[in-house]
Amino acid sequence: MNLLLDMKTILITLVVGHLFTVILISAYRSQYPKDHIVNTFFAAKCVQASAWFFLVLRGGLPDFLTISLSNSLLFVGASLEAVSLLKLQKAFTLRTKKIYILLTVANIIGFHFIIFMDNVESLRIAFASIGTSATIIFPAYYMLREKNFSLLMRIMGSLYFLVIVSLIGRAITALQSHNTIGIFTPGIYQTFSFLSLYLVMILGNTGFVLLSKEKADHELLRVASYDDLTGILNRRTFILRAKQSLQAYAMKKKPISLMLFDIDQFKTINDTYGHDAGDQVLQDLTNRIHKQLGPNDLFGRYGGDEFSILLPGIDEAESSAYAERIRQSLDGASIGEFPVTYAISLGVITVIPDSNTQLETLYTLSDKALYAAKKNGRNCVVRSQANQSKDTA
Numbered sequence: 000m001n002l003l004l005d006m007k008t009i010l011i012t013l014v015v016g017h018l019f020t021v022i023l024i025s026a027y028r029s030q031y032p033k034d035h036i037v038n039t040f041f042a043a044k045c046v047q048a049s050a051w052f053f054l055v056l057r058g059g060l061p062d063f064l065t066i067s068l069s070n071s072l073l074f075v076g077a078s079l080e081a082v083s084l085l086k087l088q089k090a091f092t093l094r095t096k097k098i099y100i101l102l103t104v105a106n107i108i109g110f111h112f113i114i115f116m117d118n119v120e121s122l123r124i125a126f127a128s129i130g131t132s133a134t135i136i137f138p139a140y141y142m143l144r145e146k147n148f149s150l151l152m153r154i155m156g157s158l159y160f161l162v163i164v165s166l167i168g169r170a171i172t173a174l175q176s177h178n179t180i181g182i183f184t185p186g187i188y189q190t191f192s193f194l195s196l197y198l199v200m201i202l203g204n205t206g207f208v209l210l211s212k213e214k215a216d217h218e219l220l221r222v223a224s225y226d227d228l229t230g231i232l233n234r235r236t237f238i239l240r241a242k243q244s245l246q247a248y249a250m251k252k253k254p255i256s257l258m259l260f261d262i263d264q265f266k267t268i269n270d271t272y273g274h275d276a277g278d279q280v281l282q283d284l285t286n287r288i289h290k291q292l293g294p295n296d297l298f299g300r301y302g303g304d305e306f307s308i309l310l311p312g313i314d315e316a317e318s319s320a321y322a323e324r325i326r327q328s329l330d331g332a333s334i335g336e337f338p339v340t341y342a343i344s345l346g347v348i349t350v351i352p353d354s355n356t357q358l359e360t361l362y363t364l365s366d367k368a369l370y371a372a373k374k375n376g377r378n379c380v381v382r383s384q385a386n387q388s389k390d391t392a
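The numbering of the sequence shown is numbering that gives the first Met the number 0, which starts it at 0 and goes up by one.
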């Protein structure tokens with residue numbers, strides 16, 4: 000079977016592949032012109048398409064010009080693509096920026112040093128392969144390093160490392176070969192070189208799109224799950240997760256506690272100092288409470304100044320102490336910009352849930368306890384004394 004492919008065909012395919020990506024990204028950029036991640040990837044594809052186009056012109060233009068321009072552009076394009084992937088992972092810092100500037104300049108200078116000093120194609124191939132490997136190793140490393148990254152991200156990182164290994168193998172093969180080899184020398188080496196480059200293009204283009212989609216999905220999930228002002232769980236998500244926790248602890252036959260609280264005289268704060276002051280109070284409250292929460296505790300905003308905390312595995316005595324500790328930490332709390340102090344009142348209930356325990360019932364009981372705390376003078380904790388086995392059935 001003949002595996003030799005026409006060089007011009009493969010080069011034109013690479014150009015067309017990058018151009019299609021450029022066209023699709025252009026359509027996206029028209030709606031989101033300030034998306035710096037997409038803009039960086041767009042620039043990478045434009046540069047890479049230009050690089051392969053110059054290689055198509057090899058033979059019609061002087062070899063020195065096509066070799067110099069195409070490889071310089073490929074180094075720049077690879078760096079821009081790596082930077083876009085790092086930005087997507089939120090791993091692009093000022094230090095990383097400096098590294099990539101230096102790396103790109105070093106790759107271009109080193110490649111031209113070979114051209115001027117000893118213009119051997121095998122050396123150029125080896126240097127370009129090692130330089131490209133160094134460029135893409137950072138995003139590949141970050142994709143595999145973070146434990147909370149998705150399966151897609153880890154697969155992408157593994158594939159990039161596979162590309163790095165193949166590039167290093169390509170460099171070693173080029174240096175050890177006794178025959179003259181090159182990407183323009185007809186043979187099996189040429190065929191597999193361009194096929195690997197074609198696969199790298201598919202990996203970069205498809206991978207970026209999939210990772211961008213995953214990032215967008217995560218952002219949508221965050222917006223749908225968390226309160227915009229305070230950053231804690233919104234009511235819908237809190238209720239959903241609290242019900243799941245109730246079911247889990249019903250199977251374990253272990254206690255679970257629910258605290259419901261709001262800010263004393265919050266309407267007065269809003270009326271006196273304005274809603275900006277009220278918003279700052281809400282943010283200050285959530286920041287202070289966050290520091291006291293355990294890893295399994297759920298903290299959500301029910302609406303307005305009403306909040307709830309679910310304490311899985313916490314019994315009556317522990318939850319009472321927990322609630323009192325939170326109350327004391329907020330007693331007379333203040334925010335810097337406004338002369339405002341605030342406190343909270345809390346209602347607490349503890350049950351050992353069973354299959355019939357309803358979150359709505361626990362909420363009603365803790366709300367009654369909260370109302371009693373208000374009647375008792377505010378800034379206190381009241382525990383629901385309802386018959387649990389009866390009221391939660």
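We put the CB at the ideal spot given by N, CA and C, even for glycine.
Three-state secondary structure (DSSP) at residue i?
{"i": "threonine 8", "result": "helix"}
{"i": "glutamate 305", "result": "strand"}
{"i": "valine 82", "result": "helix"}
{"i": "lysine 389", "result": "For lysine 389, the pLDDT reaches just 46, beneath the cut-off of 50, and the residue's location in the model is therefore unreliable, leaving the point undetermined."}
{"i": "isoleucine 231", "result": "coil"}
{"i": "arginine 240", "result": "helix"}
{"i": "leucine 209", "result": "helix"}
{"i": "valine 119", "result": "coil"}
{"i": "glutamate 218", "result": "helix"}
{"i": "alanine 139", "result": "helix"}
{"i": "lysine 252", "result": "coil"}
{"i": "aspartate 34", "result": "coil"}
{"i": "threonine 92", "result": "coil"}
{"i": "glutamate 359", "result": "helix"}
{"i": "aspartate 353", "result": "coil"}
{"i": "methionine 0", "result": "A caution first: methionine 0 carries a pLDDT of 40, below 50, which makes its placement in the model unreliable, though a value can still be read off. Reduced to three states, the DSSP call for methionine 0 is coil."}
{"i": "lysine 146", "result": "coil"}
{"i": "asparagine 204", "result": "helix"}
{"i": "serine 29", "result": "coil"}
{"i": "leucine 375", "result": "Sequence check: residue 375 is asparagine here, not leucine. Asparagine 375 falls in the coil class under three-state DSSP."}
{"i": "threonine 273", "result": "The amino acid at residue 273 is misidentified as threonine; the sequence shows glycine. Looking at glycine 273 - three-state DSSP - the assignment turns out to be coil, as it is neither helix nor strand."}
{"i": "serine 157", "result": "helix"}
{"i": "serine 128", "result": "helix"}
Classify residue i as buried or exposed, calling it buried when 16 or more other Cβ atoms lie within 10 Å of its own Cβ.
{"i": "methionine 116", "result": "exposed"}
{"i": "histidine 17", "result": "buried"}
{"i": "proline 294", "result": "exposed"}
{"i": "lysine 44", "result": "buried"}
{"i": "phenylalanine 19", "result": "exposed"}
{"i": "serine 71", "result": "buried"}
{"i": "threonine 267", "result": "exposed"}
{"i": "methionine 258", "result": "buried"}
{"i": "isoleucine 100", "result": "exposed"}
{"i": "glycine 376", "result": "exposed"}
{"i": "alanine 215", "result": "exposed"}
{"i": "serine 354", "result": "exposed"}
{"i": "leucine 405", "result": "Nothing can be reported for residue 405: it is not among the residues displayed for the chain, which extend from 0 to 392."}
Counting only the same chain and skipping the five closest in sequence on each side, list residues whose C-beta sits under 8 Å from that of residue i.
{"i": "isoleucine 129", "result": "Leu166, Ile167, Ala170"}
{"i": "glycine 405", "result": "In the structure as shown, the chain starts at 0 and stops at 392, and residue 405 therefore has no counterpart that could be examined."}
Who are the near neighbours of residue i in its chain, counting only those whose CB is closer than 7 Å to its CB and skipping five residues on each side?
{"i": "glutamate 213", "result": "Ser149, Leu151"}
{"i": "arginine 287", "result": "Ser328, Leu329, Ala332"}
{"i": "isoleucine 22", "result": "none"}
{"i": "isoleucine 163", "result": "Ser132, Ile135, Ile136, Ala139"}
{"i": "alanine 372", "result": "Ser344, Leu345, Gly346, Cys379, Val380, Val381"}
{"i": "threonine 229", "result": "Leu281, Gln282, Thr285, Arg300"}
Going by beta carbon distance, what residues of the same chain come within less than 6 Å of residue i, once the five residues before and after it are set aside?
{"i": "alanine 247", "result": "none"}
{"i": "asparagine 106", "result": "Phe74, Gly130"}
{"i": "leucine 174", "result": "Ala125"}
Would you list the residues sitting across from residue i in a DSSP beta bridge?
{"i": "isoleucine 348", "result": "Leu257"}
{"i": "isoleucine 262", "result": "Ile343"}
{"i": "arginine 57", "result": "Leu60"}
{"i": "valine 381", "result": "Gly346"}
{"i": "tyrosine 225", "result": "Leu232"}
Any beta strand (DSSP E) of 3 or more consecutive residues that is wholly inside the segment 289-345 = 297-302, 305-311, 332-334, 339-341
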